[in-house]
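Chemist: Take this structure, written in structure tokens, and hold onto it; I'll ask about it next.
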Amino acid sequence: MSLAPVTQVSGRAVFIPGADIDTDRIIPARFMKCITFDGLGEFAFYDVRFDEHGQPTAHPLNDPRFAGASILLAGLNFGCGSSREHAPQSLRKYGFNGVVAESFAEIFFGNSTTLAMPCVIATAADLAALRLQVEAEPATVVTIDVAALRVRSSGGLDFPVTMPESAREALVSGRWDPIQELLDNVAAIDAKAAELHYV
Amino acid sequence: MGKSLFQKVWDTHRVGTLADGRTQLFIGTHLIHEVTSPQAFGMLRDLGLKVKFPQRTFATVDHIVPTRDQSAPQDPLAAAMMTALRENVDQFGITYFDLSSGKQGIVHVVGPEQGITQPGTTIACGDSHTATHGAFGAIAFGIGTTQVRDVLASQTLALEALKVRRIEVNGQLPPGVYAKDVILHIIRQLGARGGIGYAYEYAGEVFEQMSMEERMTVCNMSIEGGARCGYINPDAKTVAYLQGRPYVDMSDFAATAARWLSFASDADAVYDDIVRMDAATIEPTVTWGISPDQGIAISECIPDPAAAPNQIAKDSIVEALAYMKIPAGAPIMGVAINVAFIGSCTNGRLSDFREVAKYLPGHKVAPGVTALAVPGSQIVAIQCENEGLPQIFRDAGFEWRDAGCSMCLAMNPDKLVGDQLCASSSNRNFKGRQGSSTGRTVLMSPVMVAAAAIRGSIADAREVFAIK
Ligand code: SF4
């Protein structure tokens, strides 16, 4: 299975404020009553985008200035809580191609990598500068350079970001979905199974 | 140099190193449920793959089950999920503890109950509370749906090794302080993101003294502290709990038990971090906000943003208080509740209901409060019935329900309405978690939930029930 390498993603960006944004917030549980991931995009952040009466709130995703943004900017511990892959799936289907945050919860990070959606970590200061620029000028194009581990903006920002080397390597070499490599090692898997008492 | 349990289990299950540097880890036991598995089977079919070791995957249904009557007609979406699971387990030959099996329940209650959860093993499940199984000295991970596919197809996962933090709690817990208070206290101290990159090893006198069910309560909430897995070293209690359970091989049990115990961390194991806490300082703990680390002792006041150490903390407090609609600086005790929920994979086991039942006689749920008691599995329900517990709950004004996830999350008919406030023995107080986008959750131990139900407001169970 050959996959497209993900060396960089770019697009306009939107900042979603707050630390510890959990996956229940990204996709409320009631929208997980489904047997495919299709159609999850429209429910991303549903309960904070709409009030109890279904009216749009002041959430940044409802701000027409940021319509069509494909890079999500966030704070600390983005994607914490439930392991639901429905969360990155809904962001992907909403139209996001990458996330820049101060830190990520691990399961969310891994799920996103497997969907070829790079999640990179920036310092609070760099994120704040990027946010200022994007909010002053929503047409700013933000590029996550996965290969070089930098984030650049059309407004002239250029700063380093981090991500685990294994994720960077998986993305840039087109190995972000590990299934084929896992299956290729079938002999070693069978040997391990034979060695383990309880299997 | 000694090894921790984490390192021993990791090394024992390592298949190899992948091109990107990650470990290919053998997953000995795989648990699935109706919510996160259908898409994985879909991917498997799209790729034309089979389930490699169907005998090592076990299924149950929990999130969407109606608890008023499990057999009640389901809404069409829930019914489609049930049908999909049935078709998938049938097609691929997977063991399924379905509603008619007498063994159905929350996946993290069923695994230990059946003896599927064992020391020194690796366990994965498409559910972040898989860490619960760490109570037995297993390394148990929550995974995403694409990874569920990986385990089905290859019985392995691509994973990065974790660091290990030993959390030692020594001393004696005061009366009325439970396992739930210990883990809420740990999360409060180390933060909701403190565990990122770590496995938590819970050690010390407090965990040694705990029953297996209490240990599960602690390990269950590792993820709320940011740790992807948490565990307690296996000991004589672990062995005694598992002996004779359906999936434990009893043919040479002495050898099996010895092998299990050999996985316990060595006395000279090296840790990436060690944290020590004193049990005597832990009080009944409740959350006041919208993140599980926003907790305080019952005697404390709700935080005031004006006193926050920095801007991030201040913003978090302001956001949480606005959502919770409770005043800064006031005591948490006395905040009115609408709903009381005892259940979930954190606190829905026999010992939880037994402990509450000790205190309920002579008390009544306050007028206007809806109180639910929901066993974590059909077996827990039967155990409770055998001891006459449902009647004690009913006499006190609780509704006694059938097994399922119930009000822990909003995928079945049990939901908060509007901005109702729920005293809950579950594990998450996120915005909207209990089914209403304005619903409010205060996490606490089951006995504290019962005290709140009786007072109609958040209360100190030690006072309500004269626990000394
Ligand atoms: S009881 Fe709650 S946390 Fe546990 S598996 Fe069910 S929904 Fe998840």
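So the sequence lines, in the order shown, correspond to chains A and B. By my numbering, the letter at position 94 of the first sequence is numbered 148, and the numbering carries on one by one without gaps. By my numbering, the letter at position 408 of the second sequence is numbered 1516, and the numbering carries on one by one without gaps. All C-beta atoms, glycine included, are put in the ideal place defined by N, C-alpha and C. Bear in mind that the values here come from a model prediction, so they are computed numbers and not experimental data.
1. Below 8 Å on C-beta distance, what does R1257 (chain B) contact in chain A?
2. On the three-pair Cβ rule with 8 Å, is the stretch 1183-1192 of chain B touching the stretch 79-91 of chain A?
3. Is the shortest distance between the beta-carbon of G1484 (chain B) and the beta-carbons of chain A less than 8 Å?
4. Between V1426 (chain B) and G1213 (chain B), is the Cβ-Cβ spacing less than 8 Å?
5. So what does DSSP say about G1150 (chain B), is it helix, strand or coil?
6. Starting from Y1310 (chain B), trace the beta strand (DSSP E) in both directions and tell me its first and last residue.
7. Closer than 7 Å between beta carbons: that is the criterion. Which residues of the stretch 1219-1246 of chain B meet it against chain A?
8. Look at N1196 (chain B) and P1146 (chain B) and say whether their C-beta atoms are less than 8 Å apart.
9. Enumerated in chain order, which unbroken segments of the beta strand (DSSP E) with a length of 3 residues or greater are wholly contained in the stretch 1115-1161 of chain B?
10. Whole angstroms is fine: what's the gap from H1141 (chain B)'s alpha carbon to F1205 (chain B)'s?
11. Quick check on F91 (chain A) - is its C-beta less than 8 Å from some C-beta in chain B?
12. Check N1328 (chain B) in the structure and name its three-state DSSP category.
13. Would you say the beta carbon of I1251 (chain B) comes nearer than 7 Å to a heavy atom of the ligand SF4?
14. Are there 16 or more other CB atoms within 10 angstroms of the CB of D1177 (chain B), so buried, or fewer, so exposed?
15. Answer yes or no: do S1544 (chain B) and S1373 (chain B) have a C-beta to C-beta separation smaller than 8 Å?
16. Under three-state DSSP, which class holds Q1491 (chain B)?
17. Beta-carbon separation of I1251 (chain B) and S166 (chain A) under 8 Å?
18. Please classify S1617 (chain B): is it buried, with 16 or more other beta-carbons within 10 angstroms of its beta-carbon, or exposed?
19. Out of curiosity, what's the CA-to-CA distance linking L184 (chain A) and A123 (chain A)?
20. Let me see if you follow: with CB-CB separation under 8 Å, is K1539 (chain B) close to chain A or not?
21. Assuming V253 (chain A) contacts G1136 (chain B) (C-beta within less than 8 Å), just tell me the rounded distance between them.
22. Can you check which of these residues, B:S1370, B:C1337, B:R1323 and B:M1432, is closest to D1460 (chain B) by C-alpha distance?
23. DSSP three-state call for M1385 (chain B): helix, strand or coil?
24. For my contact list, I1566 (chain B) and A1560 (chain B) are in at a C-beta cut-off of 8 Å; report their separation, rounded to the angstrom.
25. Only counting runs of 3 or more residues, tell me where the beta strand (DSSP E) segments fall wholly within the stretch 1229-1262 of chain B, in order along the chain.
26. Among the candidates A:V60, A:F150, A:P71 and A:V195, whose CA atom is the shortest distance from the CA of A178 (chain A)?
27. Counting only beta-carbon atoms, is L1350 (chain B) nearer than 8 Å to chain A?
28. Count the other CB atoms, across all protein chains shown, that sit within 10 Å of the CB of T77 (chain A); report buried if there are 16 or more and exposed otherwise.
29. Regarding D76 (chain A) and the ligand SF4, is the C-beta to nearest heavy atom distance less than 7 Å?
30. The stretch 164-177 of chain A: which residues have C-beta closer than 7 Å to a C-beta of chain B, in chain order?
31. Check the Cβ-Cβ distances between A98 (chain A) and every residue of chain B, and say whether any is below 8 Å.
32. Is Y1286 (chain B) helix, strand or coil by DSSP?
33. Would you kindly work out how many angstroms separate the C-alpha atoms of Q234 (chain A) and Q1499 (chain B), rounded to a whole number?
34. Let's see if you can read the secondary structure: which residues bound the beta strand (DSSP E) around Q234 (chain A)?
35. I need the straight-line Cα distance from S1514 (chain B) to S207 (chain A), nearest angstrom please.
36. Residue range of the beta strand (DSSP E) that G1338 (chain B) falls in?
Modeler: Looking at the coordinates:
1. Translated into positions along the second sequence, residue 1257 (chain B) becomes position 149. Neighbours of R1257 (chain B) on chain A, chain order: I233.
2. yes
3. Translated into positions along the second sequence, residue 1484 (chain B) becomes position 376. False, the Cβ-Cβ gap to chain A never drops below 8 Å.
4. The residue you call residue 1426 (chain B) lines up with position 318 of the second sequence. The residue you call residue 1213 (chain B) lines up with position 105 of the second sequence. Remark: C-beta atoms of V1426 (chain B) and G1213 (chain B) do not approach each other more closely than 8 Å.
5. Counting from one through the second sequence, the residue named residue 1150 (chain B) turns up at place 42. Helix at G1150 (chain B).
6. Taking the second sequence and counting its residues from 1, the one referred to as residue 1310 (chain B) is at position 202. It spans Y1306 to A1311 - the beta strand (DSSP E) in which Y1310 (chain B) sits, taken as one unbroken run.
7. Listed by position, the residues of the stretch 1219-1246 of chain B near chain A (Cβ gap below 7 Å) are Q1226, T1229, G1234, D1235 and S1236.
8. On the second sequence, position 88 is the one that residue 1196 (chain B) refers to. On the second sequence, position 38 is the one that residue 1146 (chain B) refers to. Cβ atoms of N1196 (chain B) and P1146 (chain B): closer than 8 Å.
9. Runs of the beta strand (DSSP E) inside the stretch 1115-1161 of chain B: 1122-1125, 1131-1134 and 1137-1140.
10. For this step, residue 1141 (chain B) is matched to residue 33 along the second sequence. For this step, residue 1205 (chain B) is matched to residue 97 along the second sequence. Their Cα atoms are separated by approximately 10 Å.
11. Here residue 91 (chain A) refers to the residue found at position 37 of the first sequence. By this cut-off, F91 (chain A) is an interface position.
12. Against the second sequence, residue 1328 (chain B) aligns to sequence position 220. Helix at N1328 (chain B).
13. To locate residue 1251 (chain B), count along the second sequence from 1; it is residue 143. Because no heavy atom of the ligand SF4 lies under 7 Å away, the Cβ of I1251 (chain B) does not count as near it: no.
14. Indexing the second sequence from 1 puts residue 1177 (chain B) at position 69. By the 10 Å Cβ count, D1177 (chain B) comes out exposed.
15. Start at 1 with the first residue of the second sequence, and residue 1544 (chain B) comes out as number 436. Start at 1 with the first residue of the second sequence, and residue 1373 (chain B) comes out as number 265. Contact: no.
16. Residue 1491 (chain B) sits at position 383 when you count from the first residue of the second sequence. Here Q1491 (chain B) sits in helix by DSSP.
17. Counting from 1 along the second sequence, the entry for residue 1251 (chain B) is found at position 143. Counting from 1 along the first sequence, the entry for residue 166 (chain A) is found at position 112. No, Cβ-Cβ distance for I1251 (chain B) and S166 (chain A) is not below 8 Å.
18. Because chain B spans 1109 through 1576 in this model, residue 1617 (chain B) falls outside it and cannot be assessed.
19. Within the first sequence, residue 184 (chain A) is the residue found at index 130, counting from 1. Within the first sequence, residue 123 (chain A) is the residue found at index 69, counting from 1. Looking at the two C-alpha atoms, the distance is approximately 14 Å.
20. Along the second sequence, read from residue 1 onward, the residue named residue 1539 (chain B) stands at position 431. Interface residue, yes.
21. Within the first sequence, numbered from 1, the residue matching residue 253 (chain A) stands at position 199. Within the second sequence, numbered from 1, the residue matching residue 1136 (chain B) stands at position 28. Right, their Cβ atoms sit about 5 Å apart.
22. Here residue 1460 (chain B) corresponds to residue number 352 of the second sequence, with the count starting at 1. Checking every option, the nearest Cα to that of D1460 (chain B) belongs to B:R1323.
23. Counted from its first residue, the second sequence places residue 1385 (chain B) at position 277. The answer is strand: DSSP assigns M1385 (chain B) an E or B state.
24. Translated into the one-based positions of the second sequence, residue 1566 (chain B) becomes position 458. Translated into the one-based positions of the second sequence, residue 1560 (chain B) becomes position 452. Rounded, the Cβ-Cβ distance is 5 Å, consistent with contact.
25. 1230-1233 and 1247-1250
26. Position 124 of the first sequence, counting from 1, holds the residue named residue 178 (chain A). Ranking A:V60, A:F150, A:P71 and A:V195 by Cα distance to A178 (chain A) puts A:P71 first.
27. Mapped onto the second sequence, residue 1350 (chain B) falls at position 242. Nearest CB-CB separation between L1350 (chain B) and chain A: not below the 8 Å threshold.
28. What you label residue 77 (chain A) is simply residue 23 of the first sequence in a count that begins at 1. Flag for T77 (chain A) reads buried.
29. If you number the first sequence from 1, residue 76 (chain A) lands on position 22. No, Cβ of D76 (chain A) sits at least 7 Å from all heavy atoms of the ligand SF4.
30. G164, N165 and T168
31. To locate residue 98 (chain A), count along the first sequence from 1; it is residue 44. No, no contact with chain B.
32. Within the second sequence, numbered from 1, the residue matching residue 1286 (chain B) stands at position 178. If DSSP states are grouped into helix, strand and coil, Y1286 (chain B) belongs with coil.
33. For this step, residue 234 (chain A) is matched to residue 180 along the first sequence. For this step, residue 1499 (chain B) is matched to residue 391 along the second sequence. Cα to Cα, the separation comes out at about 55 Å.
34. Here residue 234 (chain A) corresponds to residue number 180 of the first sequence, with the count starting at 1. Premise fails: Q234 (chain A) lies in the alpha helix (DSSP H), I233 to D238, not in any beta strand (DSSP E).
35. Residue mapping note: residue 1514 (chain B) aligns to position 406 of the second sequence, counting from 1. Residue mapping note: residue 207 (chain A) aligns to position 153 of the first sequence, counting from 1. Rounded to the nearest angstrom, the two C-alpha atoms are 46 Å apart.
36. Residue numbering aside, residue 1338 (chain B) sits at position 230 when the second sequence is read from its first letter. Here the beta strand (DSSP E) through G1338 (chain B) covers C1337 to Y1339.
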